[in-house]
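Undergrad: Submitted below is the structure of interest, expressed as structure tokens.
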């Protein structure tokens, strides 16, 4: 009978271990699933919070950029006004007028094109580019020479 008790004890121990493993699988599995759901919910809340703070950050940066652009326009307008009043250089006045938005790019380009002259291969006055530079002529020879046309 002593052998039967040992066999019965071993069988009971094995049956207990099997029942415990099955019970752990059913009851503890739900707890780990709930903890995973809880962690997932925490991560979702963290992501929502990050998105909210990121949206607030971008809104703030947009406001700051708009303010910076407005201040830049005010500064260029002020500079253009002061240049119109004080500056002697026409190029500075044109550039600042263009920057301030008072004048368009087409107007500035038209003015610059009108102020540029066609290059010439002769000079208006006597000098190194004059056709008769360095040539000594008598008065009689000089009367017969017609000067080149001036444009």
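In full-length UniProt numbering, the protein residues as written are 1 to 151.
We put the beta carbon where it would ideally sit given N, CA and C, even for glycine.
Fair warning: this is a prediction, and the values are worked out from it, not measured in the lab.
#1: What did DSSP end up calling residue 64 once you bin it into helix, strand or coil?
#2: Buried or exposed, going by whether 16 or more other CB atoms sit within 10 Å of the CB of residue 80?
#3: What would DSSP say about residue 87, mapped onto helix, strand or coil?
#4: Any idea what DSSP makes of residue 13, helix, strand or coil?
#5: Given residue 86, which residues of its chain have a CB within under 8 Å of its CB, disregarding the five upstream and five downstream residues?
#6: Go ahead and pull the three-state DSSP assignment for residue 116.
#7: Indicate the three-state DSSP secondary structure (helix, strand or coil) for residue 180 in the structure shown.
#8: Quick check on this structure: which residue in 50, 112, 148, 106 has the alpha carbon closest to the alpha carbon of residue 121?
#9: Does DSSP classify residue 121 as helix, strand or coil?
TA: With the structure as the only source:
#1: helix
#2: buried
#3: Residue 87: coil per DSSP, three-state reduction.
#4: helix
#5: none
#6: coil
#7: Any property of residue 180 remains undetermined from this structure, which presents the chain solely from 1 to 151.
#8: 148
#9: coil
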